[in-house]
Amino acid sequence: MMIASQLLRSSRHVASPRVVLSSTRFMSVGTVETIPGVGKGKTSTGLVGLAVDHDAVPKMIVKYGALLDRMEASDMPASAQYRINLEQICRFRIQAAQDHPDDPEKVEELCNCGQVEELVEQADNENIVLEMYLKNRWWEYVKGNTEIEYNPVNTDDHGDDIDWGADLVKNTTPDSK
1 MMIASQLLRS SRHVASPRVV LSSTRFMSVG TVETIPGVGK GKTSTGLVGL AVDHDAVPKM
61 IVKYGALLDR MEASDMPASA QYRINLEQIC RFRIQAAQDH PDDPEKVEEL CNCGQVEELV
121 EQADNENIVL EMYLKNRWWE YVKGNTEIEY NPVNTDDHGD DIDWGADLVK NTTPDSK
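Take 1 as the starting number for the sequence shown in this note's numbering and just add one per residue.
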């Protein structure tokens, strides 16, 4: 096996062009120019444990679509705030991915929640949360029209008077199924 220095040395004595070795690999993507670190030339997410996935955008469409399908097939009421919020997020991210299938950076910019690889991971995590939500029927424990005090007078109140160990009380409003 010839090492790089021997290969370079031996190529000087041959009439063929010089061989230049590089640690950078460029992938062929047809007629599209590959830019190192961007799009198809991306080699690292910069996040430990999260590998580059050049198919992340189509995976987003599939995984967020699966979340919508799972909610549609469930008995969670359409009025449940979790469902409303999750449907909006899923539809927005699917639309961003469909509008820019070849531009992951644009999808990341529009979604504003990390890299496309992270968005795929978020869909996986949300699927786990959705299954817990459905299994435990958590929408039945949420009281409607909860008053939120946006400008609290007493900023020293840290919730010390709340019994955090109390049992959950099931919501009995008619729309909770």
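For each residue, glycine too, the CB sits at the ideal point set by N, CA and C.
Inter-residue Cα distance where the pair is residue i and residue j
i    : j    : result
P101 : V62  : 13 Å
C111 : Q98  : 13 Å
A66  : V169 : 31 Å
M71  : R83  : 7 Å
G165 : V142 : 17 Å
G46  : T172 : 48 Å
M27  : C113 : Low confidence applies here, because M27 scores a pLDDT of 47, under 50, leaving its location unreliable; read the following figure in that light. Their backbone Cα atoms lie some 28 Å apart in a straight line.
I94  : V129 : 19 Å
N136 : D167 : 14 Å
K42  : M132 : 35 Å
D161 : N85  : 31 Å
E87  : A96  : 14 Å
K106 : E147 : 38 Å
Y64  : V52  : 19 Å
Residue i vs residue j beta-carbon contact at 8 Å
i    : j    : result
P77  : W139 : yes
C90  : L119 : no
L179 : S44  : The first residue shown for the chain is 1 and the last is 177, placing residue 179 beyond what the model contains.
E109 : Q115 : no
E126 : L50  : no
Classification of residue i by the beta-carbon crowding that lies within 10 angstroms, buried from 16 upward
i    : result
V48  : exposed
E117 : buried
A123 : buried
Residue i beta carbon near the ligand FAD (any heavy atom closer than 7 Å)
i   : result
Q95 : Because no ligand of any kind appears in the structure shown, any question about the ligand FAD cannot be addressed here.
Count the C-beta pairs between the region 78-95 and the region 48-57 that are closer than 8 Å, then say yes if the count reaches three, no if not. No, the region 78-95 is not in contact with the region 48-57.
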